[in-house]
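K.L.:
Protein chains in written order, with the numbering used here: chain P, 10 to 301; chain E, 71 to 460.
C-beta atoms are modelled at their ideal positions from N, C-alpha and C, and glycine is treated no differently.
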Amino acid sequence: MTTFLQLTVNAGGRGALYAMLALGFVIIFRATGVLNFAHGSLLLVGGYTVYRLSDPLGFAMAVVAGLLVTGALAVLIERALVARSKNADPIALALLTIGVDVVLTEEVARRLGTETPFLRAPWAQEVIRVGDLAILQGQLVALVSGVVLIGALLLLLRFTSWGLSMRAQAENREAAALMGIRNAQVTAAAWLVAGLLAGVAVIFLATPDFSGSGISRSTHALALVAFPAAIIGGLDSVGGAILGGFLVGLTEAYAGEYIAFDFAKSAVFIVMLAVLVIRPSGLFGSKEVHRV
Amino acid sequence: MSDLAAPARGTSSDEQSPRPRRREPVARRRTTRSWFSLGAGALGLVLILAVPLYLEATWLRVGEYAMVGAVAAIGLTLLTGHCGQLSLGTPFFMLVGASAYATLAGESDSDLWGLGLPPVLALLGAVAVSSLAGLAFAPVAGRVSGIYLSVATLSLVYIGLFLGQRFSQLTGGAVSGRPAPDFTIAGLSLTSNEGDLVVLGVPMGAQERMWYLFVAFTIVSAVLALGAVGSRPGRAWRAVRDNPASAAAMGVHVARARASAFAVSSGFAGLAGVMTTLWFGIMKADENEFDGSWSIGIAIAVLAMVIIGGLGSVGGAVAGAIFVFGFPLALQLLVPNVPALASLTQGEAGFTPAVLTAFAYGGLIVLVVIFEPGGLAAIGRRLRHHLGAR
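Below, the structure is given as structure tokens:
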């Protein structure tokens, strides 16, 4: 029972991070209609920036710089590349982001060489004991930051004019434009938010509390595990992404403990396949409608 | 786009790319141009067959690896270009084909299973097994479409990683692997230099023989793919790609068409997997999901071949494979001989051939999507049109 509780608590921290990444996918998908395969490279670039600047600037300033870089990079990808290919279909746009991802990932991997540095977050590797439970402080900070950020984002979407324009644009792009909503600004803002979320997530993902290795290709692969989170909930459902994130975190933790350690990631994808067979557009995703 | 106005005369049906769309020729007539392209094809074949007589074995290996990619890319271009299904699952079916071949043709020992079948039979079995694996994915491939499917197929890579390590009796495991069974036809080994074989005064070693074997595999794949594209199943796939609802109204069983495209494409991937083990001489499971012979890296590389070549074009898939798989190996061979390359690639954080290639194909994907969605195939078509219209 203690193991189970322990796993659930750990899964909460991981789930919050997956939810952040999945929200990034969903926000971008709602604004642009593209599944952003370059998310993993945003993680890598953010993590690399924080790692490089940690020594000269200190951790806190390095994090700020990392966020600026991931946010700016996301907006750059949208403005310079995605916005230019308006007539391309969703699949072509997904391919475009794969191309961007390959280039960015190789560049960071080249700069890192054989290093796989951990980020030295102040809370890393500290343990809090509650009864029999040993909670990694990093997991707790991740969970709290995740809940706060996601909550803030939901409030923004619900109550600000940007949120209203986001929702209007997701409903009907042309009608929103006719009502005076600037599509370009709304879209760029969506990519910015997604980039920032990725920038926050990597601060936790590249610490010893979360993964066996520091910033490396396996950090990049973590973004791929967040895909199922977005897909399970439905690619255009914000609530679905949050649920999906925690579901993926829990699945990973339980499968890794109770079935086999190396089965954890496969289990996540198998759960996703099961959901897709029953509901081809995820749990809360809207169905595609075909006109003849 | 000037080629939109070009007459469809003389284009073969393999050039069906998602856009611009062309009408298929009502009846195939042998025009002067088609005789010309037939002649060019025959000349090209003679040149390809003459290559081992002149090139060294290290260079032959570059071409052979490009052909591995070509077979996988031909399969994927049918699925993605003609049926409109984006798949990242190619490496999984390559793994299935490769393990099936190693198991069917290999010998048993204390910790490996093997049936010791004749290699030709094992090869056919491997292709059949990987097609069946593709068919087994039908509940997902038939129902799920578009972007959702691309992530669904990604799951196959993860499942393959786990199964590959677990079933080391079949795959050889991630640590030691198992030897790839020699490919022999009528007692003559085509993947080793056993038995003397001399063609036109040139001794045929392992690489020379493998070149001819792989050329045969590639040509058979291309011919089969062109056959599928130009006939009933190909038309059904394109109808489903363009509009599933109207395809259904025309009497196409949408889920069945999607599943069949998946199964066919998996068969090609299975063959490419067998070629991979023959090329390496060893069958081995991957250690992680992002680099290795059956990894996400390969999934993206094969996808890159298909996009750069032009979605749906068989010839383009081959051209894309030569670039994505051939280029890094060729660069590797050039490095010791070209001082400028040597200084670029060496040292801390050097631009290794793999990095340069990834930059090149990543960049090319972006350029192709933005500026030339038809890829190399569309560029080639336009060039031919300009030459022909003189």
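1) At a Cβ cut of 7 Å, what residues of the segment 80-107 of chain P count as close to chain E, listed as they run along the chain?
2) Do you know how far the Cα of P/Gln148 is from the Cα of P/Ser154?
3) Using 8 Å as the threshold, is the C-beta distance between P/Leu164 and P/Gly80 below it?
4) Taking the CB atoms as reference points, tell me whether E/Ser262 and E/Ala250 lie closer together than 8 Å.
5) From E/Ala410, E/Ala447, E/Gln402, E/Arg451, pick the residue whose C-alpha is nearest to that of E/Thr427; which is it?
6) On the criterion of 16 or more Cβ atoms from any shown chain inside 10 Å, does E/Ser87 qualify as buried, or is it exposed?
7) Compare the C-beta of P/Glu115 with all C-beta atoms of chain E and state if any pair is closer than 8 Å.
8) For P/His229, go through chain E and note every residue whose CB falls closer than 8 Å to its CB, in chain order.
9) Identify the contact partners of P/Phe4 in chain E, using a Cβ-Cβ distance below 7 Å as the criterion.
10) On a Cα-Cα basis, can you pick out the residue from E/Val405, E/Glu442, E/Ser383 that is closest to E/Thr150?
11) Quick check: what's the CA-CA separation for E/Glu134 versus P/Trp132?
12) For E/Pro423, decide whether its Cβ has a neighbour in chain P, counting only Cβ atoms nearer than 8 Å.
13) In or out: E/Pro209 buried (at least 16 other Cβ within 10 Å) or exposed?
14) Among the residues of its own chain, which have a CB less than 7 Å from the CB of P/Phe293, if the five just before and after it don't count?
15) Look at the alpha carbon of P/Ala239 and the alpha carbon of E/Gly321, and state the distance between them as a whole number of angstroms.
16) Where are the alpha helix (DSSP H) runs, 4 residues long or more, that stay fully inside the segment 259-338 of chain E, in chain order?
17) Give me the residue from P/Val280, P/Thr216, P/Phe272, P/Ala262 with the minimum Cα distance to P/Phe236.
18) Taking buried to mean at least 16 other C-beta atoms within 10 Å of its own C-beta, is P/Asn19 buried or exposed?
19) Going by beta carbon distance, what residues of the same chain come within less than 7 Å of P/Arg182, once the five residues before and after it are set aside?
20) P/Pro126 by DSSP, collapsed to three states: which one?
21) Give a yes or no on contact between the segment 20-27 of chain P and the segment 252-268 of chain P, applying the rule of three or more CB pairs nearer than 8 Å.
22) Compile a chain-ordered list of the residues in the segment 435-449 of chain E whose CB is closer than 7 Å to at least one CB of chain P.
23) Could you tell me the alpha carbon to alpha carbon distance between E/Thr223 and P/Ser275, rounded to whole angstroms?
24) In the segment 363-379 of chain E, which residues sit with their C-beta less than 8 Å from some C-beta in chain P, listed in chain order?
25) Hey, is E/Gln235's beta-carbon within less than 8 Å of any beta-carbon in chain P?
26) On a CA-only basis, which of E/Ser336, E/Tyr171, E/Thr241 is nearest E/Leu158? Give me that one, please.
27) Pull up the distance between the alpha-carbon of E/Phe232 and that of E/Gly379, whole angstroms please.
28) So what does DSSP say about P/Thr17, is it helix, strand or coil?
29) Once DSSP output is grouped into helix, strand and coil, what is the label at P/Thr79?
30) Considering only residues of the same chain and omitting the five flanking positions on each side of P/Leu26, which have a CB-CB separation below 7 Å?
31) Hey, quick one: how far does the beta strand (DSSP E) through P/Leu62 stretch, first residue to last?
32) Run through DSSP, which three-state label would P/Ala143 get?
33) Buried or exposed for E/His456, going by 16 or more other Cβ atoms inside 10 Å?
34) Could you check whether the Cβ of P/Ile240 sits closer than 8 Å to any Cβ belonging to chain E?
35) Below 9 Å on C-beta distance, what does P/Ile279 contact in chain E?
P.N.:
Looking at the atomic coordinates:
1) Leu90, Arg93, Ser94, Ala97, Pro99, Ile100, Ala101, Ala103, Leu104, Leu105, Ile107
2) In the first sequence, residue 154 of chain P corresponds to position 145, counting from 1. In the first sequence, residue 148 of chain P corresponds to position 139, counting from 1. Taking the straight line from one Cα to the other gives about 10 Å.
3) The count along the first sequence starts at 1 and reaches residue 164 of chain P at position 155. The count along the first sequence starts at 1 and reaches residue 80 of chain P at position 71. Result no, Cβ atoms of P/Leu164 and P/Gly80 do not sit closer than 8 Å.
4) Along the second sequence, read from residue 1 onward, the residue named residue 262 of chain E stands at position 192. Along the second sequence, read from residue 1 onward, the residue named residue 250 of chain E stands at position 180. Result no, Cβ atoms of E/Ser262 and E/Ala250 do not sit closer than 8 Å.
5) Residue mapping note: residue 427 of chain E aligns to position 357 of the second sequence, counting from 1. Selected option, being the one with the closest Cα: E/Gln402.
6) Here residue 87 of chain E refers to the residue found at position 17 when the second sequence is read from its first residue. Caution is warranted here: a pLDDT of 47 is assigned to E/Ser87, below 50, making its placement in the model unreliable, and no coordinate value can be reported.
7) The residue labelled residue 115 of chain P in the question sits at position 106 within the first sequence. By this cut-off, P/Glu115 is an interface position.
8) The sequence position of residue 229 of chain P within the first sequence is 220, counting from 1. Neighbours of P/His229 on chain E, chain order: Phe360.
9) Residue numbering for chain P in the displayed model covers 10 to 301; residue 4 of chain P lies beyond these limits and cannot be assessed.
10) Position 80 of the second sequence, counted from the start, is the residue given in the question as residue 150 of chain E. Nearest option by C-alpha distance: E/Ser383.
11) Numbered from its first residue, the second sequence carries residue 134 of chain E at position 64. Numbered from its first residue, the first sequence carries residue 132 of chain P at position 123. Going from the Cα of E/Glu134 to the Cα of P/Trp132 covers about 52 Å.
12) The residue labelled residue 423 of chain E in the question sits at position 353 within the second sequence. Answer no: the Cβ-Cβ gap between E/Pro423 and chain P never drops below 8 Å.
13) As a first step, residue 209 of chain E must be located in the second sequence, where it is residue number 139. Classification of E/Pro209: exposed, given that the 10 Å Cβ count is below 16.
14) Working through the first sequence from its first residue, we reach residue 293 of chain P at position 284. Excluding residues within five positions, the ones whose Cβ falls inside 7 Å are Gly242, Gly243, Ser246, Gly248, Gly249.
15) One-based indexing of the first sequence puts residue 239 of chain P at position 230. One-based indexing of the second sequence puts residue 321 of chain E at position 251. Straight-line Cα distance between these residues: approximately 34 Å.
16) 276-300, 302-312, 314-319
17) Position 227 of the first sequence, counting from 1, holds the residue named residue 236 of chain P. Checked all of P/Val280, P/Thr216, P/Phe272, P/Ala262; the closest Cα to P/Phe236 is P/Val280.
18) Against the first sequence, residue 19 of chain P aligns to sequence position 10. By the neighbour-count rule (16 or more Cβ atoms within 10 Å), P/Asn19 is buried.
19) Walking along the first sequence from the start, residue 182 of chain P turns up at place 173. Answer for P/Arg182: Asn192, listed in chain order.
20) The sequence position of residue 126 of chain P within the first sequence is 117, counting from 1. DSSP places P/Pro126 in coil when its eight states are reduced to three.
21) yes
22) Ile435, Val436, Val439, Ile440, Pro443
23) Mapped onto the second sequence, residue 223 of chain E falls at position 153. Mapped onto the first sequence, residue 275 of chain P falls at position 266. Approximately 12 Å, taken between the alpha carbons.
24) Ile366, Ile370, Leu373, Ala374, Ile377
25) Taking the second sequence and counting its residues from 1, one reaches residue 235 of chain E at position 165. Output row for E/Gln235: interface = yes.
26) Position 88 of the second sequence, counted from the start, is the residue given in the question as residue 158 of chain E. Residue E/Ser336 is the option with its Cα nearest to E/Leu158.
27) Taking the second sequence and counting its residues from 1, one reaches residue 232 of chain E at position 162. Taking the second sequence and counting its residues from 1, one reaches residue 379 of chain E at position 309. About 32 Å.
28) Working through the first sequence from its first residue, we reach residue 17 of chain P at position 8. Helix, per DSSP.
29) Residue numbering aside, residue 79 of chain P sits at position 70 when the first sequence is read from its first letter. Looking at P/Thr79 - three-state DSSP - the assignment turns out to be helix.
30) The residue labelled residue 26 of chain P in the question sits at position 17 within the first sequence. So the list reads Ala151, Gly155, Ala210, Phe213, Leu214, once near-sequence residues are dropped.
31) Position 53 of the first sequence holds residue 62 of chain P. Per DSSP, P/Leu62 belongs to no beta strand (DSSP E); it is in the alpha helix (DSSP H), 48-66.
32) In the first sequence, residue 143 of chain P corresponds to position 134, counting from 1. Correct three-state label for P/Ala143: strand.
33) Here residue 456 of chain E corresponds to residue number 386 of the second sequence, with the count starting at 1. By the 10 Å Cβ count, E/His456 comes out exposed.
34) Your numbering for residue 240 of chain P matches position 231 in the first sequence. Closer than 8 Å: yes.
35) Within the first sequence, numbered from 1, the residue matching residue 279 of chain P stands at position 270. Within 9 Å Cβ-Cβ: Ser225, Tyr228, Ile229.
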